[in-house]
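Heads up, the thing below is written out as structure tokens.
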Amino acid sequence: MTARKTRHLKMWVAMVLVSAVLILGHGFYRDLSANSEETYKGLKLFSDVIELIQKNYVDEADTQKMIEAAIQGMVRSLDPHSALLPPDALKELQIDTHGEFTGIGIHVTMRNNLVTVISPIEGTPAYRAGIKAGDKIIKVDGTPSEDLRDAVKRMRGPKGTSVVITVLRQGAPEPLEFSLVRDVIPIYSVKAELLEPGYGYIWITNFRENTTGDLIEALQAMETAETPMKGLVLDLRDNPGGILNQAIEVSDLFLNEGEILSIKGRDGQNTKVFRANADDVKRTYPIVVLINGGSASASEIVAGALQDHKRALILGTTSFGKGSVQTVETLRDGYGLKFTIARYYTPSGRSIQAKGVEPDVEVKHRIISDTDTTSERMLKEKDLKNHLDADPDDTFEEPRAEPDTTKKEVPSDPPALKRFKSKHSPLDRDALFSDNQVLRALDILISYDIFKDLKNG
């Protein structure tokens with residue numbers, strides 16, 4: 195390697211590293227702080243390593259790949275949510291927030307150096323196959339999953355093609371294999387159903403660009419029904435988060451004043467307070483918010499804000515605990531940099547980072563099957579020997595116990611809700627009424643409606 199080539203390589207490496215560290219967005223570059231002697235020494239050491247590998251490594255090395263891997267390692271060493279995004283990964287992130295894509299339908303993160311499922315997306319191949327939050331993906335098509343971006347890339351692919359993923363699941367004695375057929379992943383994030391007249395259920399699966407608009411449409415469809423709204427179950431379970439402003443706007447729909455969220459960066463940077471605004475529509479009905487370990491980021495913002503303002507009762511299990519804010523800045527040549535800029539705090543000043551939102555009422559999830567027996571078998575008056583009849587002139591015949599085959603009466607959907615459900619696809623009512631957390635939330639809302647009318651004395 196000539197001296198000129200060596201000098202050129204060193205200069206190029208230094209420029210790439212400086213750009214990767216200090217880019218603040220959309221083509222704007224800051225100058226490197228020249229007063230940092232340690233930074234200069236580090237860059238010199240890096241260029242020396244590149245030069246030695248170029249000269250002496252047993253095979254010819256791809257300089258661009260090495261530098262990209264070095265930057266990726268540097269950024270990943272900061273926290274699990276920061277990463278260099280190559281052009282294809284940046285496009286996938288953009289699609290995930292406001293488009294559609296083909297794949298198996300799961301949100302994943304790196305946890306303890308393993309690709310971990312945050313939550314499956316409702317209605318997708320992964321959801322239908324039974325992939326669960328907390329599953330550790332150890333292989334994709336037989337290849338070990340050691341890198342998050344690579345695993346995601348291999349799980350995505352053309353519609354109709356197959357992929358096999360191998361997962362470790364807590365409680366399972368052996369790894370589980372799932373053969374999945376890739377499909378177009380739906381982009382709708384809001385689903386709605388009337389549980390009973392006056393009692394609505396809305397499931398926000400994640401926070402996309404159109405989430406608030408869809409939520410308003412669902413709420414208005416229920417609020418304009420013949421029976422006034424008496425209560426709402428807002429389901430944020432297995433919601434991995436999404437766009438920050440959507441979480442703020444969703445919270446604002448149910449709050450008329452006060453702080454929703456504050457974010458605080460280093461040395462006063464990226465520090466901001468978001469406040470609620472009075473809404474023309476007064477939503478005073480009680481709300482129960484459902485959360486679990488798959489509720490992360492933006493969904494925790496909503497749950498924390500409504501909990502701190504005593505606007506909703508939080509039911510379920512402790513949430514994921516992602517209390518940091520990331521931004522994505524575009525770099526040259528189609529690259530992007532996703533990095534953490536701040537921690538966020540609930541209105542009361544709580545940081546839920548690595549802690550999560552704790553529910554007001556802890557209820558672990560359970561599916562209620564048709565074979566569950568809930569009938570009483572306690573000793574009653576009629577079982578006592580020589581018990582008195584209700585009336586000596588009445589002849590009483592013990593009714594035969596027969597199985598209850600009656601189904602929950604389905605309330606008639608108002609026209610606006612029918613239109614909403616036809617676009618966003620209806621929910622499985624039988625599944626909702628076999629979900630103990632949903633039923634517990636409904637019971638609480640009905641009980642509240644009864645108790646508020648009770649008179650003292």
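Going by the working numbering, the first residue of the sequence shown is number 195, and it counts up by one from there.
All residues carry an ideal CB built from backbone N, CA and C; glycine is no exception.
Assigned secondary structure, residue i (DSSP; H/G/I helix, E/B strand, else coil)
i, result
"E552", "coil"
"K532", "strand"
"T521", "strand"
"R544", "coil"
"R348", "helix"
"F295", "strand"
"R469", "strand"
"F614", "helix"
"Y538", "strand"
"T406", "helix"
"S513", "coil"
"S456", "strand"
"L621", "coil"
"E494", "helix"
"A366", "coil"
"E420", "coil"
"T355", "coil"
"P480", "coil"
"L507", "strand"
"L449", "coil"
"E340", "coil"
"L374", "strand"
Same chain, Cβ closer than 7 Å to residue i, five either side skipped, listed in chain order
i, result
"S373", "S356 and V358"
"G515", "I546, Q547, A548, K549 and G550"
"R560", "N630"
"P338", "I332"
"P605", "L388, E390 and P391"
"H503", "L449, G452 and P541"
Presumed contact (8 Å Cβ cut-off) between residue i and residue j, rounded CB distance
i, j, result
"A635", "V482", "4 Å"
"G488", "L639", "Going by Cβ atoms, the distance from G488 to L639 rounds to 23 Å, so no, they are not a contact pair."
"Q501", "D446", "Rounded, the Cβ-Cβ distance is 15 Å, inconsistent with contact."
"K615", "Y539", "37 Å between Cβ atoms; not a contact."
"S456", "V467", "5 Å"
"I495", "A419", "About 29 Å separates the two Cβ atoms, so there is no contact after all."
"V311", "I300", "5 Å"
"R544", "S518", "Contact flag wrong, Cβ pair sits at about 14 Å."
Limits of the beta strand (DSSP E) - the one that residue i falls within
i, result
"L639", "From DSSP, L639 is part of no beta strand (DSSP E) but of the alpha helix (DSSP H) over N630 to F645."
"M304", "I300 to R305"
"Y395", "Y393 to I398"
"S313", "L308 to P314"
"D429", "G425 to D429"
"I561", "Here I561 belongs to no beta strand (DSSP E), and DSSP marks it neither H nor E."
"A386", "V384 to E390"
"L278", "A277 to L279"
"V604", "Note, V604: premise wrong, no beta strand (DSSP E); not H, not E."
"D377", "D377 to I379"
"K330", "K330 to V334"
Same chain only: Cβ atoms within 8 Å of residue i, ignoring 5 sequence neighbours per side
i, result
"K199", "Here the model assigns K199 a pLDDT of 49, short of 50, so the residue's position is not dependable, and the following value carries that caveat. Answer for K199: no residue qualifies."
"I437", "T291, F401, R402, E403, T405 and A492"
"I247", "A255 and M260"
"P352", "T296 and R376"
"F645", "none"
"L287", "L279, V522, G530 and K532"
Contacting residues, own chain, Cβ-Cβ under 6 Å from residue i (five flanking each side not counted)
i, result
"W397", "K385 and D429"
"M304", "P274 and L342"
"G354", "none"
"A283", "R343"
"Q414", "none"
"I562", "S628 and N630"
"R348", "V334"
"Y642", "P480"
"D432", "S313, A327 and G488"
Residue i, enclosing alpha helix (DSSP H) - first and last residue
i, result
"V269", "T257 to R270"
"K235", "E231 to N250"
"D446", "L438 to D446"
"L648", "Note, L648: premise wrong, no alpha helix (DSSP H); not H, not E."
"A671", "Not covered by the structure: residue 671. The range shown for the chain is 195 to 651."
CB contact below 9 Å: residue i versus chain B
i, result
"P391", "Looking for chain B here will not work: only one protein chain is present."
Do the stretch 502–511 and the stretch 468–483 meet, that is, are 3 or more Cβ pairs less than 8 Å apart? yes
Check whether the stretch 324–341 touches the stretch 459–471, taking contact to mean three or more Cβ pairs, one atom from each stretch, closer than 8 Å. no
Any chance the stretch 606–615 sits against the stretch 359–373, with 3 or more Cβ pairs inside 8 Å? no
I want to know whether the stretch 467–480 touches the stretch 444–458 - three or more CB-CB distances under 8 Å. yes
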